[in-house]
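Here's the structure we're looking at; comments come further down.
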Amino acid sequence: MTNFNELANLLFPNVDKTPEYYENLYPARNLKEGARVTRLAPSPTGFLHFGHLYACTISYRTAKTTDGIFYVRVEDTDQKRKVEGAVEVMLESLAAFGITPDEGIMADGTQKGAYGPYIQTERKEIYQTYAKYLVEQGLAYPCFCTEDELNDIRAAQKEEDIIGYYGKYAKCRNLSYDEIKANIDAGKPWTLRLKSPGEVGRKITFDDMIKGKIEMGENVIDVVLLKTNGIPTYHFAHVVDDHLMRTTHVTRGDEWIASVPLHLQLFRCLGFKPVKYIHFATIMKEDNGGKRKISKRKDPEAAATYYISEGYPAASFNEYVMTLMNSNFEDWRRANKDADISTFPFNFKKMSVSGALFDIVKLTDVSKNVISTMSADEVFELSYKWAQEFNKELAGLYEKDKAYATAVLNIDRGNKKPRKDIAKWSDIPDYVSYMYDETFKENYELTGNATPELAVKVLTLYKDIVDINDDKDTWFNKIKEICEPVGCTPNVKEFKQNPDAFAGHVGDVSTIIRVALTGRTNTPDLYAITSLLGAERVQKRIENAIRHYEEVK
Ligand code: GLU
0 MTNFNELANL LFPNVDKTPE YYENLYPARN LKEGARVTRL APSPTGFLHF
50 GHLYACTISY RTAKTTDGIF YVRVEDTDQK RKVEGAVEVM LESLAAFGIT
100 PDEGIMADGT QKGAYGPYIQ TERKEIYQTY AKYLVEQGLA YPCFCTEDEL
150 NDIRAAQKEE DIIGYYGKYA KCRNLSYDEI KANIDAGKPW TLRLKSPGEV
200 GRKITFDDMI KGKIEMGENV IDVVLLKTNG IPTYHFAHVV DDHLMRTTHV
250 TRGDEWIASV PLHLQLFRCL GFKPVKYIHF ATIMKEDNGG KRKISKRKDP
300 EAAATYYISE GYPAASFNEY VMTLMNSNFE DWRRANKDAD ISTFPFNFKK
350 MSVSGALFDI VKLTDVSKNV ISTMSADEVF ELSYKWAQEF NKELAGLYEK
400 DKAYATAVLN IDRGNKKPRK DIAKWSDIPD YVSYMYDETF KENYELTGNA
450 TPELAVKVLT LYKDIVDIND DKDTWFNKIK EICEPVGCTP NVKEFKQNPD
500 AFAGHVGDVS TIIRVALTGR TNTPDLYAIT SLLGAERVQK RIENAIRHYE
550 EVK
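Those letters in the sequence shown? Residues 0 to 552, by numbering that gives the first Met the number 0.
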């Protein structure tokens, strides 16, 4: 019978700390009853996927709605996938969506909080301490199998229901102390494996807060806990970290469900209270009538940076993600139009078990709504910040006259039924283009009953009477007054009753003026546009339009 303490000292001669030491160093958190501690645990690959944002929103909201703590831990144990500067990029992206961790890695790369370090490669000593403890308990052992030997085992398991290092296949499970010592003295690399106390055929059940009660076979595999370089696997690091960081709720993708029996076993072997698990289904996307995952390769919207560069405001994005997360959110929003999103009683039970469907059209609609309720100042500030990075031309136009830009953005804002022209800041350059000579594109195409002949008549009269100091009623009365002299009627009903008697109606007259001033047949309030453009521009655009229609009529 191996003396486990002796074995532990052989394997970890430099570990002088004990689990008690860390238990005292990271005491239970002093939070109010029911407060949840959650985390985002990204691998630093440099790519923040929509799935991360989704996962993060779930854990962030969970913490926020319970006055708990949300922290970020970097899972960089897979050095092959590590990209320099990736963590900062990911955290800046999170910040752009309004997610600021309470603790862990901050956007500037610094670490904050009493439960760190929050970077796994800086926690090697901690994992080694718990690994040593497991060896002392007879619950872990070194494995000297080479890659080739492991491949042979896999090849021999073709007929097995359970694949992996266990039972008769676990060659190193029962090595004696002397055999182990000889291997170590010979300098053979080793991994540390769990000596799984599980039994084939035994079942466990656990409660997933989204999926409900789940029954699965107990873990029987002697999984690797520490790799040959002493760095832990995800499984071991997850259990040690989430325990010591006092996480209460682990929210993660449902690809991890298969590992829950192992994780629960590890919690038990280490004497830890298990966390609560919340496994959410991957967000799907419709494709050719079917459903598939959002793909980093195929879909630009897979990348968090897409939403930032397109200029979706954080408020819109969060509003949309909440519609994906909780099916009752939209009803709640209709009943609580002005309420802060953080007051929505977010509930795991209302999450889709099979995976919500991502829909960019829906995001666009949600965002238009959100932006339509913002003040002009807010739209200006947020879009200016966006433009400084992503559209220098717009930023330049704004800078020429910020008050003018804000006034342009204020057109029709605050109405009972505000217009919904802007879904993202990248829509603004087109939306405001005719308000600036630099970007105004002449386009004299007419609709309805308007013809070039009629346009010449209307614009010639309008040019002389338009006065940008008029109030709205006077302005509109002038437009109506033009109708009769040009053979139109100010009364649309009258036109409809007797269309042959008129060249058009007041709508056609307005269209002609609108097209001359903006190059479009559909714009927000023409009166506000006219006043803001100013007398000089209005005159010039009307003259140019008359010249054009004279030529084509
Ligand atoms: N680093 C893991 C991943 O990126 C985290 C999973 C978890 O949240 O536990 O998949």
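In this text, a Cβ means the ideal position worked out from N, Cα and C, and glycines have one as well.
Judged by the Cβ position, Arg72 fails to qualify as a neighbour of ligand 1 at the 6 Å threshold, every heavy atom of the ligand being at least this far.
Using a 10 angstroms sphere on the CB of Arg251, the tally of other CB atoms reaches 16 or more, which defines it as buried. Excluding residues up to 5 positions away in sequence, His248, Lys275, Tyr276, Ile277, Phe347, Lys348 lie with their Cβ nearer than 8 Å to the Cβ of Met208 in the same chain.
In the DSSP assignment, Leu191 falls within the beta strand (DSSP E) that extends over 190–193. Rounded to whole angstroms, the separation of the alpha carbons of Ile104 and Phe11 is 29 Å.
The beta carbon of Met283 sits closer than 8 Å to the beta carbons of Lys290, Arg291, Lys292, Ile293, Gly354, Ala355, Leu356, Phe357 from its chain, once the five residues preceding and following it are set aside; these are given in chain order.
With a contact defined as Cβ atoms closer than 8 Å, Leu460 and Thr510 miss out at about 15 Å. DSSP places Asp286 in the uninterrupted beta strand (DSSP E) bounded by 283–286. Judged by beta-carbon spacing, Pro273 lies beyond the 7 Å limit of Ile203, meaning their Cβ atoms are not closer than that value. Of all alpha-carbon atoms in Ala62, Tyr176, Ile230, Thr56, the one lying nearest the alpha-carbon of Leu191 is that of Ile230.
Taken in chain order, the whole alpha helix (DSSP H) runs of length 4 or more contained in the segment 76–138 are 85–95, 123–135.
Only residues of its own chain outside the window of five on either side were considered, and among them Ile68, Phe69, Tyr70 have a CB closer than 7 Å to the CB of Asp101, listed in chain order. Residue nearest to Thr227 within the set Asp253, Phe205, Ile183 is Ile183 (criterion: CA-CA distance).
Separation of Phe379 and Asp470 (C-alpha to C-alpha, rounded to the nearest whole angstrom) is 26 Å. Taking a contact to require three or more Cβ pairs closer than 8 Å, the segment 369–387 and the segment 407–414 qualify as touching. With a contact defined as Cβ atoms closer than 8 Å, Tyr126 and Val239 qualify at about 6 Å. No heavy atom of ligand 1 is found nearer than 6 Å to the CB of Arg60. The C-beta of Pro196 has fewer than 16 other C-beta atoms within 10 Å across all chains shown, which makes the residue exposed. Burial check for Glu318: the Cβ neighbour count within 10 Å reaches 16 or more, so the residue is buried.
Taking all protein chains shown into account, Tyr20 has fewer than 16 neighbouring C-beta atoms within 10 Å of its C-beta and is therefore exposed.
Ser42 has its CB nearer than 6 Å to a heavy atom of ligand 1. Three or more beta-carbon pairs separated by less than 8 Å are not found between the segment 472–489 and the segment 393–413, which leaves the two stretches without contact.
DSSP places Ala302 in the strand class (E or B) of the three-state scheme. For Ile203, there is no enclosing alpha helix (DSSP H); the residue is part of the beta strand (DSSP E) that begins and ends at 202–207. Phe328: member of the alpha helix (DSSP H) spanning 328–334, first to last residue. Around the CB of Asp75, 16 or more other CB atoms lie within 10 Å, so the residue is classed as buried. Nearest in C-alpha terms to Trp189, of all of Leu174, Glu300, Cys144, Asp463, is Cys144. The beta-carbon distance between Ala139 and Leu193, rounded to whole angstroms, is 6 Å. This is short enough to meet the 8 Å contact definition. For Cys55, the CB contacts under 7 Å within the same chain, skipping 5 residues up- and downstream, are Leu39, Leu93, Ile98 in chain order. Within 10 angstroms of the beta-carbon of Pro312 lie 16 or more other beta-carbons, which makes it buried. Distance from the CA of Leu516 to the CA of Glu398, rounded to the nearest whole angstrom, comes to 23 Å.
The three-state secondary structure of Val352, taken from DSSP, is coil. Going by C-alpha positions, Asn476 is about 27 Å away from Tyr435. In this chain, the beta strand (DSSP E) harbouring Phe279 covers 275–279. Not a single heavy atom of ligand 1 lies less than 6 Å from the C-beta of Arg35. Note that the C-beta distance between Ala280 and Asp253 is below 7 Å.
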